[in-house]
Amino acid sequence: EAQVTQNPRYLITVTGKKLTVTCSQNMNHEYMSWYRQDPGLGLRQIYYSMNVEVTDKGDVPEGYKVSRKEKRNFPLILESPSPNQTSLYFCASSGTANYGYTFGSGTRLTVV
Amino acid sequence: SQQGEEDPQALSIQEGENATMNCSYKTSINNLQWYRQNSGRGLVHLILIRSNEREKHSGRLRVTLDTSKKSSSLLITASRAADTASYFCATDGGAQKLVFGQGTRLTINP
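These protein sequence lines are chains A and B, in that order. The opening position of the first sequence corresponds to residue 1 in my numbering, with each subsequent residue numbered one higher. The opening position of the second sequence corresponds to residue 113 in my numbering, with each subsequent residue numbered one higher.
Shown next as structure tokens:
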């Protein structure tokens, strides 16, 4: 089944403890992206990648890192999480321009 | 930066009625996309309309795009209870940088 898989689905962590949210797609898509969703703010893009080793900042990149070493994986790294990064995170991928994105099921992160 | 703005923010209709949601955006686009999200779950791509297209259909969905007014509408005909969800428009201004609006929360009453 064609899908985007994010892990974990839920995560509670403490301030400053480094964490990684994994994202993997099995559709050989070139484009991948990370979003966070917050009440009243909608979905905001954190980082995106147009291909292996090609990444760029979205609208809210501060406090996040990404890497794209392989086409299928696009992990989101929080080096030193803070409570304002408590949010619902989505990874998404797309095959080509002018094509819709496939979204993962989301990761609900709580930083205390 | 928030590009698309949906209107209304919330919409409640009876099953079987048609639902119309509107989206306005600010800058030029390559395409505009509509997504559905069920209560905190992942978004599901519904339909994409390119900037040189004016109307597109997919099943019970009809999307229009007016680039001169920088606006789009999504019409769901013959609504069903399963259509209850939030609907988002997203604009692609190039380089696959999608920018989402705040969404319309649609409730279909049985």
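All residues carry an ideal CB built from backbone N, CA and C; glycine is no exception. None of the values given here were measured: they were computed from a predicted structure.
- About 15 Å separates the Cβ atoms of G205 (chain B) and S136 (chain B), ruling out a contact at the 8 Å cut-off.
- Taking a beta-carbon distance threshold of 8 Å, H157 (chain B) counts as an interface residue toward chain A.
- By alpha-carbon distance to I220 (chain B), the top candidate from B:T196, B:I161, B:D178 and B:Q149 is B:T196.
- In the three-state reduction of the DSSP assignment, N7 (chain A) falls in the strand class, which pools E and B.
- Within the same chain, Cβ atoms closer than 7 Å to the Cβ of P222 (chain B) are found at E127 and A193, the five residues on either side in sequence being excluded.
- Interface flag for R217 (chain B) against chain A is unset, since no Cβ pair is found closer than 8 Å.
- For the 8 Å CB-CB criterion, L88 (chain A) and Q25 (chain A) do not form a contact.
- Under the Cβ criterion of 8 Å, F74 (chain A) is not counted among the residues facing chain B.
- By the neighbour-count definition (other C-beta atoms within 10 Å, threshold 16), H169 (chain B) is an exposed residue.
- For E129 (chain B), the closest alpha carbon among the candidates B:A190, B:H157 and B:G152 is that of B:A190.
- With a beta-carbon spacing of about 5 Å, T107 (chain A) and V21 (chain A) fall inside the 8 Å limit used to define contacts.
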